Structure formats: structure tokens, C-alpha cells
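Structure first, then comments.
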Amino acid sequence: MERLRLGFIGAGFIAKFQATALHFVRGVDLVGVYALKGSEELAAFAKQTGVGDCKVYPSVAELCKNCDAVAIFAPNYVRVDLVGQVADAVQAGAKLKGIICEKPLGRNVKEARQLVNLAKGAKLPTAYFENQIHMKAVKSQLKQLAPVQKTMGPLSLARSAEEHAGPHEPWFWDPTRQGGGVLSDMGCHSIAIGWYVLTPVGKPLTYLQPAAINAETALLKWGQPKWRKKLLDKTGVDYAKTPADDFATGMVTYRNPDTGQLVKAQFTNSWMYDKQGLRLLMDGLGPGYAFEINSLLSPLNIFIGDEAAASVADAESALEKSTASRGLLAVQPNEADLYGYVDELEDARDAFLAGRDALLNWEYGLEITKLCMAGYLSGERKRTIDLTDPAIQKELETYVPLIAQGKGGEVLGSEGA
Ligand SMILES: NC(=O)c1ccc[n+]([C@@H]2O[C@H](COP(=O)([O-])OP(=O)(O)OC[C@H]3O[C@@H](n4cnc5c(N)ncnc54)[C@H](O)[C@@H]3O)[C@@H](O)[C@H]2O)c1
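Position one of the sequence shown corresponds to residue 142 (the numbering used here), numbered consecutively onward.
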């Protein structure tokens with residue numbers, strides 16, 4: 142089997158998770174990393190776990206010369222610059238077979254489109270890493286229900302939620318660097334999965350046409366004085382000045398272009414889910430059938446009593462974004478596989494070795510960014526946004542949400558006071 146030599150740009154949280162996932166992926170070696178911080182640690186981890194003889198490179202250009210594909214695992218606000226550097230490296234002779242970018246593709250449509258154009262200009266196949274679409278549970282329900290769907294008709298309602306108690310790094314909380322709050326950070330997952338599961342079996346990813354979106358953004362926990370101060374002390378981000386949404390919910394309506402049927406995907410995201418840890422919840426309802434996925438339901442529970450709790454050093458070993466290290470704890474033994482990281486890496490490997498885009502390419506990522514932006518627009522205007530209106534589509538091309546501009550107080554109102 143031909144092997145793919147992969148290089149990482151960024152060596153933080155997701156890079157470590159993806160390196161963990163690589164342990165279960167055949168034919169891919171992690172051969173290099175470039176990052177402002179964490180490179181040495183990631184390289185040591187890769188060597189120790191046997192996922193590759195990972196070398197630390199001093200620049201994007203050097204990394205690109207020494208691998209077959211690169212993955213952008215750096216923060217949202219450095220995307221355009223970093224992909225520009227990759228495109229320059231290709232121009233200078235680096236022989237890359239593909240480029241991966243984590244969600245969200247851009248902080249807004251303009252940035253996402255810049256990325257699409259940079260990759261096109263460099264003639265690079267792309268992979269947009271939206272892991273939830275690759276989850277084995279999502280694939281299995283599709284496979285199980287495909288024959289039912291053929292006889293009964295497709296799903297008409299999907300609901301998806303991703304929630305946890307808040308991100309790990311300060312830049313996520315800063316709406317100007319991240320691109321917004323939870324709607325930008327996690328709404329992109331839930332909107333994508335909703336659209337995906339509603340799509341009739343065998344039809345392309347964007348077959349269902351987005352018709353309308355109605356969304357609400359709110360600051361329910363981290364704007365309260367006590368929590369605002371905690372956030373300021375921990376991250377340096379002041380939600381009295383630049384608040385962001387810690388809760389977002391909404392509904393996207395899609396139109397089936399052949400039958401005219403309208404179907405709906407509801408999404409809910411929060412950074413105020415003070416329960417065990419990260420929870421992904423998805424369900425879908427069709428005529429006479431349904432599915433439901435809850436990532437907190439594990440075959441494994443452990444119990445740690447108060448006396449024993451002092452000996453637990455790392456709460457997050459049980460579950461991503463764990464909030465507790467004692468009591469009855471849900472443990473997911475293989476989160477990298479559960480959340481779809483293994484499968485998205487395999488998909489990118491097969492695509493790049495065959496010289497094509499992955500299942501989800503950057504044009505698809507751009508569409509998801511557009512839906513998130515339309516969600517912010519709906520929250521600002523407090524009305525349903527007609528996605529079939531050419532004037533709205535034009536406006537979205539350059540729209541930057543007030544929250545992302547650092548003017549969240551105008552939208553989140555007194556909730557943040
Ligand atoms: N799919 C998921 O569920 C998921 C989960 C977490 C993060 N993410 C995404 O992954 C991306 C990274 O998130 P993270 O949690 O790993 O962030 P992080 O802050 O933990 O790590 C970022 C890494 O990028 C490096 N970096 C920052 N600026 C850089 C620059 N200019 N050049 C090179 N390296 C630079 C940092 O030094 C660090 O190594 C984000 O876009 C985030 O949305 C996705």
C-alpha cells in the first residue's frame with residue numbers, strides 16, 4: 142500500500158488528538174510538524190506511540206518540502222496566512238498531494254473563500270475536517286436505515302447538539318480571533334451533521350437546498366459577573382467589553398429540489414454544559430423510523446469516591462472537556478475513533494493518494510461557514526433569513542457578525558450585563 146507522509150501545522154489540542162487517531166490509521170506517517178508552541182512534545186508523542194518519525198521544522202516552507210500532505214491544525218485567525226504560506230511553498234516546488242483544514246474553514250465567508258481560492262490556485266486537493274460526519278455511529282445508522290429510507294422516504298427532521306463547559310485556550314473565547322462564540326466554534330459541527338443526515342441516501346452532500354435559517358445567540362453563563370471575572374482571570378478575555386455567545390440554537394430549513402419537500406434541522410450548542418464533559422447528541426426522524434446518538438452513553442462507567450479522588454491527576458483522561466474527577470463517570474475508551482477522527486484521516490489518505498478531494502472538500506466547508514454566518518445574521522436581525530434571496534447571498538459574502546467584530550454587547554444585550 143502506498144503511504145502518505147503527513148505534516149501538521151499546529152501542535153495543540155486537536156493535533157494531539159489527531160496524532161492519537163493516527164495510531165488506528167494504516168498507511169499514514171506523521172513525518173513533521175511546524176508550530177509556534179508544542180512541536181517538540183508532539184514529535185516525541187508521535188515517536189513514542191509509533192505513528193511516525195516526526196521531525197520539527199522551523200517553517201511552513203520546510204515542512205511542505207518534506208511531506209506529501211499538510212494539515213492545518215492552528216487557530217482560526219492564522220488560517221489565511223498559513224494557507225498562503227503553503228501555496229507559496231507549492232509555487233516554490235513542494236510536491237504536495239493535498240491539504241487538510243480543521244473546522245471552521247473560515248471566521249467568515251470572505252476568509253473561507255480566500256482559502257478555497259488559495260488551494261485552487263495551488264491545484265491542491267482539499268479535505269475539510271468535519272469529524273462528526275465521519276463518526277462510525279453516523280455511518281452505521283445510514284447503512285442500517287438506507288433500505289427503510291428507500292421504501293418509506295427520507296428523514297424530515299434532524300436535531301443535533303454539541304455542548305461542553307467551554308473551550309481550553311483563551312483564543313477560542315475571544316470573538317475577534319475565533320470568529321464569534323459557540324455558534325462559530327461548534328455550530329459549524331451541528332449544522333453540518335444536520336444537513337448531512339437529512340440528505341436522501343445516494344444524493345450529493347449539497348443536494349438539499351438551504352432555504353431559510355432562524356437562529357438565536359445568547360450569553361447565558363459567562364456574562365454573569367462571577368463567571369465573567371473567572372473568565373477574565375483565566376483567559377484575559379473580558380466579556381464586559383467583547384462578549385460572545387455561549388449558547389446558540391436555531392433551525393435550518395432545506396428544500397428537496399426534486400419533490401419540493403421542506404425538511405428541518407435544529408441545532409443547539411453551548412459552552413455552559415456543566416455536566417460530565419463533551420456531549421454530542423443527534424437524532425433523526427423519518428416516517429416510521431428514527432435514530433439517536435448520544436456520545437455520553439458508554440458501555441463503561443467508573444466510580445471514584447471522595448477519598449480516592451485525590452489520587453486522580455488527569456480528569457480529561459475519561460472524556461474530552463471533563464468537568465469532574467469523582468463520582469460516577471462516563472468513560473469513552475477510544476474517543477479519537479468515536480468522534481470520527483480515524484475515519485476522516487482514512488478518507489483524506491485515500492483521496493490524496495488517488496489525487497482527488499476528500500468526501501468533504503473546502504467548497505463544502507465554505508457552505509457551512511455561510512450557514513453559520515447566516516445564523517449570526519438571523520440572531521442580529523431577530524428574524525428568519527431567506528437563503529434563496531440573492532441579496533442575502535451577496536450580503537453574506539462580506540458579512541462579519543457584530544460579535545466577531547467585538548461588538549457583541551449590541552446583540553447579546555442585557556444578558557451580558
Ligand atoms: N474537530 C474538532 O472537534 C476540533 C476540536 C478542537 C479544535 N478544533 C479546531 O482545530 C483548530 C486548532 O484548535 P486547537 O484546539 O488545537 O488549538 P490550540 O490553541 O490548542 O493549538 C493551536 C496550535 O497552533 C499553533 N499556532 C498558533 N499560531 C500559529 C502560527 N501562526 N503558526 C504556526 N502554528 C501556530 C500553536 O502554537 C498550537 O500549537 C481550530 O481551528 C479548532 O476549531 C477542532
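Note that the Cβ used here is the ideal one computed from N, Cα and C, for glycine as well.
The model shown is predicted, which means the values in this text are computed figures rather than measured ones.
Any non-hydrogen atom of ligand 1 within 7 Å of residue i CB
i	result
W412	no
W363	no
W503	no
K375	no
L486	no
V219	yes
Y198	no
L177	yes
L223	yes
F186	no
N355	no
A389	no
I334	no
K244	yes
Endpoints, alpha helix (DSSP H) assigned at residue i
i	result
F158	F154 to L163
D229	R220 to Q232
D488	Y482 to L494
L479	E476 to L479
K375	P366 to T376
Y517	W503 to R522
M293	K277 to M293
G262	V250 to G262
Cutoff 6 Å; reference residue i; Cβ partners in own chain excluding five residues on either side
i	result
H330	Q273 and E303
A235	C205 and K206
G320	N217, R248 and A545
Contact set for residue i: own chain, Cβ-Cβ below 7 Å, skip 5 residues either direction
i	result
A381	R369
G173	G148, C195, K196, Y198, L204, N207 and C208
F270	I241, C242, E243, K244 and E485
V221	E252, Q255 and L256
C513	P245, L324, S325, G328, C329 and I332
Cβ-based neighbour list, residue i, same chain, cut-off 8 Å, excluding 5 preceding and 5 following
i	result
I155	F214 and E243
A492	G239, P266, A268, D498, A499 and L500
G481	N272, Q273, I274, H275, M276, K277 and V279
R144	G168, V169 and D170
Extent of the continuous beta strand (DSSP E) run through residue i
i	result
T358	Q350 to A359
V342	Neither: V342 is in no beta strand (DSSP E) and is coded neither H nor E.
V393	F388 to R396
Residues that DSSP places opposite residue i in a beta bridge
i	result
S301	F408 and M423
D527	A353
Y175	I150
T267	I240
A431	L426
L441	V472
I213	I150 and C242
Chain C within 8 Å of residue i, Cβ atoms only
i	result
R420	Absence of chain C from the displayed structure is noted, only one protein chain being present.
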